[in-house]
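Trainee: Protein chains in written order, with the numbering used here: chain A, 1 to 465; chain B, 1 to 152.
Quick reminder that beta carbons are idealized off the backbone N, C-alpha and C, glycines included.
Please read all numbers here as calculations on a predicted model, not as lab measurements.
I'd like to ask some things about the structure below.
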């Protein structure tokens, strides 16, 4: 069969898996109302379309028009234990309204006229599509920079990791920044390979658009600066010429947000923009450690994810390696990390969403390196054993696990010894290590899918802390 | 390459300024159609897709608002079911007894007229029988409605 056709079919399978997992029970989990931002974002879009005025939920005191209302969309007041009314403000300036225009626009086209019509069943639909597009972009980035297999492995991880799947359904701006960020990475990679300005120009346009979903999308601008300086050097004229060209195109697009604010109420817009910087810094000095320790979905809902912990370790491993080869990937995580710390306020889970595709790609790189080279087999085997333990622990409880504990003890110890043994031989290729990595990987993806099948509304209430 | 980039930047700026102006004037013009009444309707109108019920004990509002300016609303139905809710008075457009009931019914999707003025229900406000449905319901008030036994 034609190799290209096989590759395309493989990508389609990955996308099919991604779409299937994201679409199943998308309207029920996460429980609608656990983040009312989902509705607020859509109301902003729907109200711009129907009223000519953005109306949404906010906590800022600087708004002139503020009132409380009970809006019982999806009967959230029957399911979510908070009897507080929603604080509604207009014109709404908390964030750029672009994502709201997408989800609110979809709701409008589906017949929604009132805020209560914007149910999770309607407004989360575009997020399922956006999430799947993000998976495609992960595949493409991996493919361009590391080869087809890395693209597929990274894509499969990002397509199936439970926390990623669940989070991708939420109407949070970060889920729209993700595809922009990945697209920017792809375009920067193309520019570095070909030195053709059209790629840099397109990357600049995409970076500008990213910041129209949320201002933290300026991480794309930072990424470009870091990549260009990293590639050509701080003292290189070419680097600075490229940076200036990039920013000259991208920053005015970010400025379109000002057009939105000035059109309604310039004074209030400026006040809200600056009050963003006065937010309570709830992530605290422990922010970086918490990113690794806790994987949040909302402020209060956690779902510990071994995949992401392994991803952080993979990123650190790549940092110590070939700078040129891993420049974009390492810079991307660093760029968003800087943005996360600078822009940080409360420890809302969605602020961390853009890390996840990057960490999944980092792990994918290590997995494929281990497949291709026996000497590189140990890190992915150890990391995947880490993930295996975490995946198993959430599928069966500790009591049910006891009959298997001896097999586990011996099996994991043997697995770790086996990973060490990869250093004892001289041959570059040894099929046994390739087989171990592939088998482990397939088992882990299967366990991801198995776990996602288990996550029902009842399970959510009982087990997701 | 430098000249080519300068041309691109100039073209990009031209497009970006045009889009900026389109957004600015477009939104300003569209904003002229804004109406506070229409906004209120958008916020409070019950969705046609939401189920309505005539059973006041079927739904309650979960949790307690973080305020001392609250109203408690309790329904005690025949058969032992009950529904107990606490709401923030600030979320009520009108705080007369009629206004509170209207808002409570709207929030939960209750069929309005079954209870108000009905012989099957007796309602008390802070332990006293309701004499005037336009009476003001103050902070920390409790409204209790009990479904009376069927005398037939």
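Go ahead and pull the three-state DSSP assignment for residue 60 of chain B.
Mentor: coil
Trainee: Cα-Cα, which of A:364, A:347, A:84 and A:78 is closest to residue 315 of chain A?
Mentor: A:364
Trainee: Suppose the cutoff is 8 Å on Cβ atoms and the five residues either side in sequence are ignored; what does the same chain contact list for residue 69 of chain A look like?
Mentor: 85, 86 and 88
Trainee: Give the C-beta separation of residue 45 of chain A and residue 111 of chain A to the nearest angstrom, bearing in mind that I take them to be a contact with Cβ-Cβ under 8 Å.
Mentor: Contact doesn't hold; Cβ gap of about 15 Å is too wide.
Trainee: Determine the direct distance from the alpha carbon of residue 437 of chain A to that of residue 73 of chain A, and round the result to whole angstroms.
Mentor: 47 Å
Trainee: Please go through the same chain and pick out, in chain order, the residues whose beta-carbon is closer than 8 Å to the beta-carbon of residue 90 of chain B, but skip the five residues on each side of it.
Mentor: 67 and 69
Trainee: Can you name the residues of chain A whose CB is closer than 7 Å to the CB of residue 141 of chain B?
Mentor: Near residue 141 of chain B there are no residues of chain A at all, since even the closest Cβ is about 15 Å away, more than 7 Å.
Trainee: For residue 230 of chain A versus residue 82 of chain A, is the C-beta spacing smaller than 8 Å?
Mentor: no
Trainee: Could you give the DSSP three-state label for residue 110 of chain B: helix, strand or coil?
Mentor: Here residue 110 of chain B sits in strand by DSSP.
Trainee: The stretch 39–51 of chain B: which residues have C-beta closer than 9 Å to a C-beta of chain A, in chain order?
Mentor: Interface annotation for the stretch 39–51 of chain B against chain A: 39, 40, 41, 42, 43, 44, 45, 46, 47, 48, 49, 50 and 51, criterion Cβ-Cβ distance under 9 Å.
Trainee: Look at the alpha carbon of residue 360 of chain A and the alpha carbon of residue 252 of chain A, and state the distance between them as a whole number of angstroms.
Mentor: 32 Å
Trainee: To the nearest angstrom, how far is the alpha carbon of residue 470 of chain A from that of residue 142 of chain B?
Mentor: In the structure as shown, chain A begins at 1 and stops at 465. Residue 470 of chain A is therefore absent and cannot be evaluated.
Trainee: Closer than 7 Å by C-beta to residue 186 of chain A: which residues in its own chain qualify, once you throw out the five before and the five after it? Chain order, please.
Mentor: 137, 140, 141 and 144
Trainee: How long is the line joining the alpha carbons of residue 81 of chain B and residue 57 of chain B, rounded to whole angstroms?
Mentor: 6 Å
Trainee: Verify the CB distance criterion: does residue 27 of chain A have a CB-CB separation below 8 Å to chain B?
Mentor: For residue 27 of chain A, the answer is no, since every Cβ of chain B falls outside 8 Å of its Cβ.
Trainee: Below 9 Å on C-beta distance, what does residue 110 of chain B contact in chain A?
Mentor: Neighbours of residue 110 of chain B on chain A: none; closest Cβ ~11 Å, over 9 Å.
Trainee: For residue 245 of chain A, go through chain B and note every residue whose CB falls closer than 7 Å to its CB, in chain order.
Mentor: 5 and 9
Trainee: Could you list which residues in chain B have their beta carbon closer than 7 Å to that of residue 252 of chain A, in chain order?
Mentor: Result: 13 and 16.
Trainee: Could you name the residues that DSSP lists as bridge partners for residue 56 of chain A?
Mentor: A:89
Trainee: Out of A:101, A:179, A:224 and A:120, which one is the CA nearest neighbour of residue 135 of chain A?
Mentor: A:179
Trainee: Identify every residue that forms a DSSP beta bridge with residue 296 of chain A.
Mentor: A:302
Trainee: Less than 8 Å between the beta carbons of residue 412 of chain A and residue 385 of chain A, yes or no?
Mentor: If you check the CB distance, residue 412 of chain A and residue 385 of chain A come in under 8 Å.
Trainee: To which residues of the same chain is residue 130 of chain B closer than 8 Å at the C-beta, ignoring the five residues directly before and after it?
Mentor: 97, 123 and 124
Trainee: Is any beta-carbon of chain A found at less than 8 Å from that of residue 137 of chain B?
Mentor: no
Trainee: Ordered along the chain, which non-local residues of its own chain (more than five positions away) have a Cβ less than 7 Å from that of residue 183 of chain A?
Mentor: 137 and 206
Trainee: Determine, for residue 24 of chain B, whether the minimum Cβ-Cβ distance to residues of chain A falls below 8 Å.
Mentor: yes
Trainee: On the DSSP bridge assignment, give the partners of residue 141 of chain B in chain order.
Mentor: Bridge partners of residue 141 of chain B according to DSSP: B:71.
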